[in-house]
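J.: Numbering (my numbering), first residue to last: 10 to 164. C-beta atoms are modelled at their ideal positions from N, C-alpha and C, and glycine is treated no differently. Encoded as structure tokens, here's the structure I'll be asking about.
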């Protein structure tokens, strides 16, 4: 990886981490349930890691912050993949980092819905997280330029 690619990856990681942290904080700041779904998904993802690796205990806040940063790095990797598949090359660079973060969150949402579907008879969480996951992935695809949506008359 050359210097330019490293800078682009670091920028995408910072943007993706900021988007994930912002979505996490949004759930606490705004008491509107649809906006709390990303916060919930981030917490559930971390809880699954705690089940696998043991309780975070008194280091919960520090480890949760590291988890958000780790997801931001994964989001930067996704942004790199989206960059190679994007049809438009004149996109603002923040859009790809944001798309990477939303793709990670959409994937978490779909995986959570699948897990609930496999271990429970409840369908409401599956429908809610499935719809949220599809919406987040669609938004990620649009932000990354994988497809375009035209509004109004085409010129």
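Say whether the stretch 22-30 touches the stretch 73-93, bearing in mind that this needs 3 or more beta-carbon pairs closer than 8 Å, one atom from each stretch.
T.: Flag = yes, the stretch 22-30 and the stretch 73-93 touch.
J.: In chain order, what are the residue ranges of uninterrupted alpha helix (DSSP H) at least 4 long that sit wholly in the stretch 97-151?
T.: Taking only runs of at least 4 residues, the alpha helix (DSSP H) segments lying wholly in the stretch 97-151 are 102-128.
J.: Would DSSP call residue 156 helix, strand or coil?
T.: The answer is coil: DSSP assigns residue 156 none of H, G, I, E or B.
J.: Reducing DSSP to helix, strand and coil, say where residue 40 ends up.
T.: Note: residue 40 maps to coil in three-state DSSP.
J.: Quick check: residue 66 and residue 48, are their CB atoms within less than 8 Å of each other?
T.: The answer is no: Cβ separation not under 8 Å.
J.: Relative to the C-alpha of residue 153, which residue among 40, 140, 30 and 110 is closest?
T.: It is 110 whose Cα lies nearest to the Cα of residue 153.
J.: Leaving aside the five residues before and after residue 71 along the sequence, list all residues of the same chain whose C-beta is less than 6 Å from its C-beta, in chain order.
T.: Closer than 6 Å at Cβ, skipping near neighbours: no residue.
J.: Which class does residue 22 belong to by DSSP, given the choice of helix, strand or coil?
T.: Note: residue 22 maps to helix in three-state DSSP.
J.: Use the C-beta contact count for residue 142: other C-beta atoms within 10 angstroms, 16 or more gives buried, fewer gives exposed.
T.: Answer is buried; the Cβ neighbour count reaches 16.
J.: When DSSP labels each residue in this structure, what does residue 86 get in the three-state scheme?
T.: Three-state result, residue 86: helix.
J.: Would you identify the three-state DSSP class for residue 11, choosing helix, strand or coil?
T.: If DSSP states are grouped into helix, strand and coil, residue 11 belongs with coil.
J.: How many angstroms separate the CA atom of residue 18 from the CA atom of residue 151?
T.: Those two C-alpha atoms are separated by around 20 Å.
J.: Is the CB-CB distance between residue 169 and residue 85 below 8 Å?
T.: Because the chain here runs from 10 to 164, residue 169 falls outside it and cannot be looked at.
J.: Would you please state the rounded distance, in angstroms, between the beta carbons of residue 77 and residue 30? I believe it to be under 8 Å.
T.: Correct: roughly 6 Å between the Cβ atoms.
J.: Inspect the beta-carbon positions of residue 122 and residue 133 and report whether they are closer than 8 Å.
T.: Not in contact: residue 122 and residue 133 (Cβ atoms no closer than 8 Å).
J.: Helix, strand or coil: how does DSSP classify residue 63 here?
T.: In the structure shown, residue 63 sits in coil (DSSP, three-state: anything other than H, G, I, E or B).
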